[in-house]
Structures are given as C-alpha cells and as structure tokens.
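Residue numbers (this note's numbering): 1442 to 1806.
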C-alpha cells in the first residue's frame, strides 16, 4: 500500500511551498488565494537507511524505496462546504487520502496576504475543521435518511448501524471530529463506519508553519496548548520557507547548511515518520540480486498480507516465507551467511510480520 497525505489549510498558509519542498516540483505558489486549482500529487521516496544497508550487502541491479503520495489541495475558506471559493471539489479530493496534514500559519509577514486579514492560528484551525465537519454532516445526513426510509424497513438488523450513524452525528453536531469517537469493537460496525468516508474520521497531523529556526519540544508544547490540539494528534512545527530554501541546495550542501544553522531537527523526515506511526504502518524488505525493495503494510498484518502487497497472486499461491530480522541479516552479511548462522526461519501463513523483517515469499507457479 502507498501512504497518501492530503495537505489542507486556508489559502496562503504555506501548503504549496511545503509541497514544493517535499517534491521539488515547480507548482504554483503565488501569493493569492485559489492559485492551486487542481490537486497536485507528488510522489516522495521515504528515506530509510536500512534499505541503504541492505543494498550495500546485496549489490542489486536496482533499489526501490517505499513512497508517500502528497496531495496539495487548494485552500479552504469559510463556507467551502457550500462551494465557496473552490471548496467542494477540494473537499472531495481529501477523501482519497490516508490522512490529513493541516498546515496552520503562525508566521507573520505583511507581504503574504491572509485571507482572514490577520494571522490567528487557533481561528484558522477551527475554520478548516468546521468546514470538514459541516461537509461530513451533509453527507452523513443523506445516509441516515436513506437508512431510515429504506434500509431499516427492509432489514431490521440495520437498526444498530443506524444507531451508530446517529451517534457519529451527535459528535459532529457538538463540533467535534468524527475520529474523536472511540472505535467500536464490532468489526462489521467499523466496516460500516469506514464506508461512510467521513473527512473528519481521518488521522490528522497539525503542521504549524512558524518563524522560529530553533524547533524545540517546548515550542511543540506551547503550540499544542495555544491551538488547543488534543494529545491524540501529532503537532509538528516547521519553518517551511527555510526548509524550501534548503531543498533548493544540492544534497551535499544541505547538511552543511543545516550544520551552519545548528539545525539538528529534520522536520520533513519527522512528518513522514509520524505519518507511519499515526497510521500504524511498518516496512518490510525483499532482497535479491535483481532488486532490493521496501514495502509498506499495516502493523499486525500477516505474511499473507505482505505477500499480497508484493503481488496479489502471491497470496493465492503462498506456500511459506523465509524470514530474517533486519539486524540479523546485516550482522550476518546477507542471506547465505544468515542461513548458515541459523537466523533464517521458515514461517507459515499466520506469521505476523515485524517491522524491518527481510522476506522471501515462496509461492506456487
């Protein structure tokens, strides 16, 4: 699976500059609202030094890293759920993403116009969330009406799903995000909830665009408190303008420049790694003479799920998997040596894949 993140926020808060920084694509980032009319999708390789280590040992023909898709979604404004600005189409684009990165502007710059005339991070955060909640209420109400008029009458068992939908509606009506409602222990109920495709039922990372250069833990705590962000959601401060300027340098100059500025904190890497953790994802690896590759699957997935991530036929024709922990693979110096040292195990279809496992999937023709 690919991790996909939708970058949202009001106009002129730094979304497109963040996207440019991540992807080095020259997309529009002019200083006026609605310059981004279509969602821009950027594919970014996920940095992983473990893949680099495996590559050094195996010396394959090619190396492939896992990727994250970033959707740069144009700025929301008040009443976007009613179609104000270019809102409706952008709200729809968010549905395609795994999680939301809400960019909140904290920096002050007179030359960068604010759509609400003044910088107020807490207000901006609330405007975006209100628009998402109102859009969810609109779509959920239609679903509830259909259940009440048709589905429950045809099948009384649907009543428990209707009750669950009404409970979600209560949360939204209280001005809270759907994700704040605890998940049900009933798998069918959670499947129903996922099929509602609610915007506010997605995980959120709050990325606060700051003036500061020194991005400390105290700064994070202060931003969380001032913006009233629950501990449920990660907060990442980032000086996006500075990160963009660094991204324009060649790779060798970037680290040198960071050292000169005393920047030990890699906010871009933290954004990607936080996304992994938030969504409960892990990486596993395949390694052979033709290719070393990193793959992404949800935590607690079995080796059958890992096989399917490589190729759907591998799940159907799965026989067994050779498994070795990354540390053992590297210390041994590769597959052959790891086998000789007894570090490679043969696992069946119920094996739960661990983060950084190195696998060979055995399958039928």
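For each residue, glycine too, the CB sits at the ideal point set by N, CA and C.
Can you tell me which of the options puts its alpha carbon nearest to the alpha carbon of residue i?
i: residue 1504; options: 1730, 1686, 1802, 1743; result: 1730
i: residue 1724; options: 1752, 1756, 1712, 1766; result: 1766
i: residue 1572; options: 1561, 1449, 1650, 1602; result: 1449
i: residue 1702; options: 1732, 1683, 1717, 1508; result: 1683
i: residue 1768; options: 1798, 1786, 1743; result: 1798
i: residue 1488; options: 1672, 1616, 1711, 1564; result: 1711
i: residue 1485; options: 1575, 1499, 1663, 1511; result: 1511
i: residue 1670; options: 1624, 1564, 1691, 1708; result: 1564
i: residue 1802; options: 1780, 1604, 1771, 1748; result: 1748
i: residue 1641; options: 1595, 1678, 1617; result: 1617
i: residue 1499; options: 1789, 1795, 1775, 1567; result: 1775
i: residue 1677; options: 1687, 1697, 1645, 1696; result: 1645
i: residue 1653; options: 1779, 1549, 1575, 1628; result: 1549
i: residue 1779; options: 1746, 1658, 1728, 1750; result: 1728
i: residue 1787; options: 1777, 1762, 1687, 1697; result: 1762
i: residue 1560; options: 1455, 1629, 1615; result: 1455
i: residue 1708; options: 1615, 1658, 1596; result: 1658
i: residue 1704; options: 1680, 1691, 1689; result: 1680
So if DSSP puts residue i in a beta bridge, which residue, or which two residues, is it bridged to?
i: residue 1765; result: 1799
i: residue 1771; result: Paired residue(s): none; residue 1771 is not in a bridge.
i: residue 1736; result: 1725
i: residue 1804; result: 1759
i: residue 1793; result: 1743
i: residue 1645; result: 1541
i: residue 1546; result: 1650
i: residue 1486; result: 1508
Determine the DSSP secondary structure at residue i, reduced to helix, strand or coil.
i: residue 1445; result: strand
i: residue 1540; result: strand
i: residue 1596; result: coil
i: residue 1650; result: strand
i: residue 1505; result: strand
i: residue 1678; result: strand
i: residue 1663; result: helix
i: residue 1568; result: helix
i: residue 1627; result: coil
i: residue 1510; result: strand
i: residue 1453; result: coil
i: residue 1481; result: strand
i: residue 1787; result: strand
i: residue 1693; result: helix
Please look up how many angstroms separate the CB atoms of residue i and residue j, rounded, as I've assumed it's under 8 angstroms.
i: residue 1613; j: residue 1577; result: 6 angstroms
i: residue 1444; j: residue 1720; result: 7 angstroms
i: residue 1446; j: residue 1509; result: 6 angstroms
i: residue 1581; j: residue 1535; result: Not a contact, Cβ separation roughly 15 angstroms.
i: residue 1674; j: residue 1717; result: At roughly 15 angstroms, the Cβ-Cβ gap does not stay under 8 angstroms, so residue 1674 and residue 1717 are not in contact.
i: residue 1664; j: residue 1649; result: 5 angstroms
i: residue 1593; j: residue 1583; result: Actually they are not in contact, since the Cβ atoms of residue 1593 and residue 1583 sit about 15 angstroms apart, beyond 8 angstroms.
i: residue 1810; j: residue 1764; result: This structure cannot settle anything about residue 1810, because the visible part of the chain is limited to 1442 through 1806.
Keeping to the same chain, check which residues put their C-beta closer than 7 angstroms to that of residue i; ignore five residues upstream and five downstream.
i: residue 1539; result: 1444, 1445, 1446, 1720
i: residue 1805; result: 1758, 1760
i: residue 1791; result: 1743
i: residue 1685; result: 1458, 1461, 1462
i: residue 1637; result: 1581, 1584
Among the residues of its own chain, which have a CB less than 6 angstroms from the CB of residue i, if the five just before and after it don't count?
i: residue 1585; result: 1606
i: residue 1602; result: 1633
i: residue 1740; result: 1721, 1723
i: residue 1562; result: 1545, 1547, 1668
Can you find the residues in the same chain that come closer than 8 angstroms, C-beta to C-beta, to residue i, ignoring five residues on each side of it along the sequence?
i: residue 1782; result: 1769, 1773
i: residue 1726; result: 1491, 1492, 1495, 1733, 1734, 1735, 1736, 1767, 1797, 1798, 1799, 1800
i: residue 1754; result: 1804
i: residue 1466; result: Confidence at residue 1466 is low in this model, with a pLDDT of 46, below 50, so its placement is unreliable and the value that follows should be read with caution. Here the set comprises 1460, 1481, 1483.
i: residue 1672; result: 1665
i: residue 1620; result: 1641, 1642, 1643, 1644, 1645, 1673
Please report whether the beta-carbon of residue i lies at a distance below 8 angstroms from any beta-carbon of chain D.
i: residue 1700; result: Structure shown: chain D not included; a single protein chain is present.
Tell me whether residue i counts as near the ligand NAP, meaning its Cβ is closer than 7 angstroms to at least one heavy atom of that ligand.
i: residue 1753; result: Only the bare structure without any ligand can be found here, which leaves the ligand NAP out of the picture.
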